[in-house]
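Be aware that the sequence shown starts at 15, since it is given in the numbering used here, and climbs by one per residue.
Remarks on the structure that follows.
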Amino acid sequence: MPFIKQWAYMLLGIYLTYQTARWPGLEHHIAASALFTFGLAFRADYSIAKRAKR
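Set out below in structure tokens:
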């Protein structure tokens, strides 16, 4: 199930980044970008771990 979770993080990050780009204040935008980056890193880490297991 981690595959669904990592895509959920990425999509949530993209959505929040898009939403918060229109808001005043940069902290929301930074938080959303950080969440998206975390999703990307999690995904990359997972695929690397999967390859190493083979």
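We treat Cβ as the ideally placed atom computed from N, Cα and C, and that holds for glycine.
The model shown is predicted, which means the values in this text are computed figures rather than measured ones.
Leaving out five residues before and five after Gly-53 in sequence, what residues of the same chain have Cβ atoms less than 7 Å from its Cβ?
-> Locating residue 53 in the sequence shown gives position 39, where the first residue counts as 1. Once the five neighbours on either side are set aside, the close Cβ partners of Gly-53 are Gln-20, Tyr-23, Met-24 and Gly-27.
Is the CB-CB distance between Ala-55 and Leu-30 below 9 Å?
-> The sequence position of residue 55 within the sequence shown is 41, counting from 1. The sequence position of residue 30 within the sequence shown is 16, counting from 1. No; because the gap between Cβ atoms is not below 9 Å, this pair is not in contact.
Assign Thr-17 to buried or exposed, taking buried as 16 or more other Cβ atoms, counted over all protein chains shown, within 10 Å of its Cβ.
-> Counting from one through the sequence shown, the residue named residue 17 turns up at place 3. Checking the displayed sequence, the identity of residue 17 turns out to be Phe instead of Thr. With fewer than 16 Cβ atoms within 10 Å of its Cβ, Phe-17 is classed as exposed.
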